[in-house]
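Asker:
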Amino acid sequence: MKGKHWLVKLLIWCSMLITLTTAISISQTQNVQAAANDNSLAAIKKKGTIVMGTSPDYPPYEFLVNNKPVGMDIAIGKQIAKDLGVKLVVKQMDFDALLVGLETHKIDMVLSAMSPTPERKQSVDFSEPYYFSGQSIIINKADKEIYKNYKSFYNKKVGAQTGSLQYDLVKKQIKGAKLTGLTKVTDLIIALKTHKIDGLVAESAVATAYVKNNPDLVVINGGFDLTDTGDGTAIAFAKNSTSLVTAVNKTITKIKQQKLTTKYLADAGKSLKVNVADTSMWSYRSYFIKGIGYTLLISLVGVVLGVLLGTLLALCRLGSIAPLKWLATGYVEFIRGTPLMIQVMFLYFGLNIPALTAGMVGVAMNSGAYVAEYIRGGIDSVAKGQTEAARSLGLSSKDTLRYVIMPQALKIIWPSLGNEFISLIKESSIVSVIGVTDIIYQLRLVQAATYKGIAPYAVAMVIYFVLVFGLTRLLNFAERKMQHA
Amino acid sequence: MPSMIQTVGLKKSFGDTEVIKGIDAQVEKGQVIVVIGPSGGGKSTFLRMLNMLEQPTAGSVFFEGEDITHLPTNKLDTVREKMGMVFQSFNLFPNMNVLANVTLAPQRVKKTGAAAANEQGQQLLEQVGLADKADAFPASLSGGQQQRVAIARALAMDPDVMLFDEPTSALDPEMVGEVLKVMQALAKAGMTMVVVTHEMGFARQVADQVWFMDGGVLAEKGTPEQIFDHPKNERTKSFLAKVLVQ
Ligand SMILES: Nc1ncnc2c1ncn2[C@@H]1O[C@H](COP(=O)(O)OP(=O)(O)OP(=O)(O)O)[C@@H](O)[C@H]1O
Ligand SMILES: [Mg+2]
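Residue numbers (this note's numbering), protein chains in the order written: chain A, 1357 to 1841; chain B, 13 to 258.
1. So with CB distances below 7 Å, who are the chain A contacts of A194 of chain B?
2. Do I1608 of chain A and S1329 of chain A have their beta-carbon atoms positioned less than 8 Å apart in this structure?
3. Indicate the three-state DSSP secondary structure (helix, strand or coil) for A1590 of chain A in the structure shown.
4. Check the Cβ of P1763 of chain A against every Cβ in chain B and list those closer than 7 Å, keeping chain order.
5. Under a three-way DSSP split, which group does L1766 of chain A fall into?
6. What are the boundary residues of the beta strand (DSSP E) that includes Q1491 of chain A?
7. Decide if the region 101-115 of chain B is in contact with the region 1747-1764 of chain A; the criterion is three or more beta carbon pairs, one per stretch, under 8 Å apart.
8. Can at least three beta-carbon pairs, one atom from the region 1635-1648 of chain A and one from the region 1692-1707 of chain A, be found at a separation below 8 Å?
9. Closer than 8 Å by beta-carbon distance: list the chain D residues that pair up with R1747 of chain A, in chain order.
10. Report the CB separation of V39 of chain B from S15 of chain B in whole angstroms; it is logged as a contact under 8 Å.
11. Using the C-alpha atoms, what's the distance from M212 of chain B back to L256 of chain B?
12. Once you ignore the five residues that flank L1397 of chain A on each side, which residues in its own chain have a CB closer than 7 Å to its CB?
13. For T180 of chain B, count neighbouring C-beta atoms within 10 Å of its own C-beta (all shown protein chains included) and say buried if the count is 16 or more, exposed if not.
14. Run the proximity test for D177 of chain B: is its beta-carbon closer than 7 Å to any non-hydrogen atom belonging to ligand 2?
15. Name the two residues that bound the continuous beta strand (DSSP E) containing M1721 of chain A.
16. Is the Cβ-Cβ distance between V1446 of chain A and M1408 of chain A less than 8 Å?
17. Output yes or no for whether 8 Å exceeds the beta carbon distance between V161 of chain B and T204 of chain B.
18. Can you pull the chain A residues whose beta carbon is under 7 Å from the beta carbon of L116 of chain B, in chain order?
19. Going along the chain, which residues of its own chain have a beta-carbon closer than 7 Å to the beta-carbon of A1379 of chain A, five neighbours each way excluded?
20. For G1741 of chain A, go through chain B and note every residue whose CB falls closer than 8 Å to its CB, in chain order.
21. Using a threshold of 8 Å, state whether the C-beta atoms of K1595 of chain A and D1481 of chain A are closer than that.
22. Considering only the alpha carbon of each residue, which of A:I1796, A:P1771, A:S1772 lies closest to E1783 of chain A?
23. Got a sec: is the Cβ-Cβ distance from G1750 of chain A to anything in chain B below 8 Å?
24. Is it buried or exposed, T1375 of chain A, if we count other Cβ atoms within 10 angstroms and call 16 or more buried?
25. What residues of chain A sit near T85 of chain B, judged by a beta carbon separation below 8 Å?
26. Can you give me the start and stop residues for the beta strand (DSSP E) that Y1701 of chain A sits inside?
27. My assumption, with CB atoms under 8 Å, is that I1786 of chain A sits in contact with L1674 of chain A. Please give the rounded CB distance.
28. Note the first and the last residue of the continuous alpha helix (DSSP H) segment covering M212 of chain B.
29. Given the structure, does V255 of chain B come close to ligand 1, in the sense that its CB is under 7 Å from one of the ligand's heavy atoms?
30. With hydrogens ignored, establish whether the beta-carbon of K23 of chain B is closer than 7 Å to any heavy atom of ligand 4.
31. S56 of chain B: buried (16+ other C-beta within 10 angstroms of its C-beta) or exposed?
32. Over the uninterrupted beta strand (DSSP E) stretch that includes E1559 of chain A, give me the two end residues.
33. Going by the C-beta, is S56 of chain B closer than 7 Å to any heavy atom of ligand 2?
34. Are the beta-carbon atoms of P1485 of chain A and G1588 of chain A separated by less than 8 Å?
35. What residues in the region 111-135 of chain B bring their beta carbon closer than 8 Å to a beta carbon of chain A?
36. At a cut-off of 7 Å, would you count V20 of chain B as near ligand 1, judging by its Cβ distance to the nearest heavy atom?
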């Protein structure tokens, strides 16, 4: 099943920890209430909707066709909603963010090809598994004669998703294997095709889907010993949702009895054909255009709010009111001392605001701290004599700043602000972790939809380059104009 | 009537070094005081304490009878309007043109209307001989022109006293004259002035009193004749011997 990169995981848990320790948040009180009295099912029915979190980059379980999530998990979600008599809402998130989404009640359930590992069971409740899929190995067609099952890979180079079930299987059962772990299956496929690895262990349903769309690859049965692994995929719920889990289990039993998963997978296969009918990047341009729009939006809002915030912070730091000074200094140091990724996650999960808002606010707050330093530097670099001349005329410190110092400082820091905007275009790619549909997020979707690994990277790279290069030129031009003014 | 400026036991230390070691002095209305002395003697520090650009470590400064040593900043701003200051390095605002340099403070501080401020600004520029430079930016002016604009800028606040800190030291020799001429006219018109300078000719011609400052104290005070022709203090003598030889 899908993996979790340890670093991302650490970040999520850190942000969770901060959330829990700092904000005595509503969600926490809700947790306490839930423990005392499980009203999870009643709450859903009262609300009339059930929100399903999923990461639609994992065909045939979940993927996008024409920008709409489809696949087996979506079909199951619909069935569950129907049986509960409520409406289904599908919320797209990065896989790594799903469990935190549950705990902060942003989503009601996770249907994202997730396996109920003992580790995950500690923090969330799981339904009965709804699907069992064997473990297969994808290899290059040319190597068909060499590899028969997992034993043929002793001392070979094997790939698997980092932190996944398959990752553990390779470690435990393929003797002497040189294991390559990557977070995305699409990246592992690239590694396989370019012979960086000899085989790729993946769940059978996924392996089959990929091989169908890659004529140079074949899939072989792994033949692993699966007796004591947490095989199967299940639905995750927030802890203490017994009544909801029980209700959902009824739907799962029905799905299993009627063998509905076979139908769901067949439907998913058909949907996939829509996607792979034309896998040219040009036909996915709308994905990239959407990504560009969001990347630019976030960077622009980030830099504009960042400049406002940064100015305020710089003034507080240069001012004479001690508490404001400490506060601003503390803020700048704290923001600069923590990664943007965790700040964005903290805002999104900790403060319960929508992903796009969290992304923009996070980027702006981060940028504000850096801009504050540019502005402070700019103000410091205006000759001391300017302030003295202004003050000797009787101008107040406010007027001195506004009419004399800031106009000169801005001219000095203008290039840095331009650079900040440009670097935000690149750095804002972090927001894809909370599901903001920026260029990186859209790139993942295109990879999942087309089974092409490298081409979307190339397109994204060209897009970033054109954006950054174009803007750099534009800013240089504006800067020259300003110098002449 | 109180003195225009009076200092009592004025002292200033930077860290452990005391650079002004107790100065008691008065500047009367209409007087032109020229302060001379060797480099590092504390002339600038003393002058800058008169309008509190430098906070004294001890002692007091009285301006028109009011102790301004510990005024809150907003009250201090009102005092500073009446004490124009001209710096060695001009310190014109490079982000605005000449006229805007002159009219900024009247508009912001005195709330003079734009039209009135511009008219007054033009008049002052005429007075310093730069009426045609109103639209120019400071960077395009010569040092002498910049310093004359700086004088006009200070005069725009209609000050009671003008403080000059070596106004001609940064100028090419051929430009010194034009600035001194403006200052001379100002003195003649009755402006109270405290001028730190190395221009001994100006001191002799224009000063009512010459103060010789060395080692953080006013070593000798007197009329130009007393100081230049009959100095009593040994340090004054050796200083004058050095500068007048050139
Ligand atoms: N901000 C400061 N910090 C530390 N020391 C200072 C500061 N300003 C002046 N001083 C010191 O105080 C002493 C007096 O300086 P000041 O500038 O007042 O002398 P001056 O008579 O104006 O000299 P000059 O003719 O060179 O302008 C000098 O030794 C100088 O180094
Ligand atoms: Mg000096």
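Backbone N, C-alpha and C fix where the C-beta goes; we use that ideal spot for every residue, glycine too.
Answerer: In brief:
1. In the sequence as displayed, the identity of residue 194 of chain B is Val instead of Ala. Taking the beta carbon of V194 of chain B as reference, no residue of chain A falls within 7 Å; the closest one sits roughly 18 Å away.
2. There is no way to answer for residue 1329 of chain A, as the model of chain A reaches only from 1357 to 1841.
3. Strand.
4. The CB of P1763 of chain A comes closer than 7 Å to the CB of N107 in chain B, given here in chain order.
5. Shown here, L1766 of chain A sits in a helix according to DSSP, grouped into three states.
6. 1491-1496 is the extent of the beta strand (DSSP E) around Q1491 of chain A.
7. In the pairwise beta carbon analysis, the region 101-115 of chain B is classified as touching the region 1747-1764 of chain A: at least three pairs are separated by under 8 Å.
8. Counting Cβ pairs under 8 Å, fewer than three are found: no touch.
9. Looking for chain D here will not work: the only protein chains present are A and B.
10. 6 Å between Cβ atoms; contact.
11. Going from the Cα of L256 of chain B to the Cα of M212 of chain B covers about 8 Å.
12. Excluding residues within five positions, the ones whose Cβ falls inside 7 Å are S1599, L1600, A1603.
13. Only buried fits T180 of chain B, as 16 or more other CB atoms lie within 10 angstroms of its CB.
14. Remark: the C-beta of D177 of chain B is in contact range of ligand 2, defined as less than 7 Å to any heavy atom.
15. In the DSSP annotation of this structure, M1721 of chain A is not part of any beta strand (DSSP E); the continuous alpha helix (DSSP H) holding it starts and ends at 1711-1737.
16. Closer than 8 Å, so yes.
17. It is not a contact, given that the beta carbons lie outside the stated cut-off.
18. In chain order: Y1759.
19. A caution first: A1379 of chain A carries a pLDDT of 43, below 50, which makes its placement in the model unreliable, though a value can still be read off. Here A1379 of chain A has G1706 as same chain residues with Cβ atoms under 7 Å from its own Cβ, once five neighbours each way along the sequence are excluded.
20. Neighbourhood of G1741 of chain A in chain B, by CB distance below 8 Å: F99, S101, N103, in chain order.
21. In contact: K1595 of chain A and D1481 of chain A (Cβ atoms closer than 8 Å).
22. For the set A:I1796, A:P1771, A:S1772, the Cα lying nearest the Cα of E1783 of chain A is the one of A:I1796.
23. G1750 of chain A belongs to the set of residues whose beta carbon lies under 8 Å from a beta carbon in chain B.
24. Note on T1375 of chain A: pLDDT 47, under 50, position unreliable in the model; the coordinate value appears next. Counting Cβ neighbours within 10 Å, T1375 of chain A comes out buried, since at least 16 surround it.
25. Contact annotation for T85 of chain B against chain A: S1752, S1753 [CB-CB distance below 8 Å, chain order].
26. Per the sequence shown, the amino acid found at residue 1701 of chain A is Met instead of Tyr. Premise fails: M1701 of chain A lies in the alpha helix (DSSP H), 1696-1701, not in any beta strand (DSSP E).
27. Contact flag wrong, Cβ pair sits at about 30 Å.
28. Note, M212 of chain B: alpha helix (DSSP H), 212-218.
29. Relative to the non-hydrogen atoms of ligand 1, the Cβ of V255 of chain B never comes closer than 7 Å to any of them.
30. Ligands displayed in this structure: ligand 1 and ligand 2; ligand 4 is not among them.
31. S56 of chain B comes out buried.
32. It spans 1555-1559 - the beta strand (DSSP E) in which E1559 of chain A sits, taken as one unbroken run.
33. Result yes, Cβ under 7 Å from ligand 2.
34. A contact, by the Cβ cut-off of 8 Å.
35. Taking 8 Å as the Cβ-Cβ cut-off against chain A, the residues of the region 111-135 of chain B that qualify are L116, A117, R120, V121.
36. Because no heavy atom of ligand 1 lies under 7 Å away, the Cβ of V20 of chain B does not count as near it: no.
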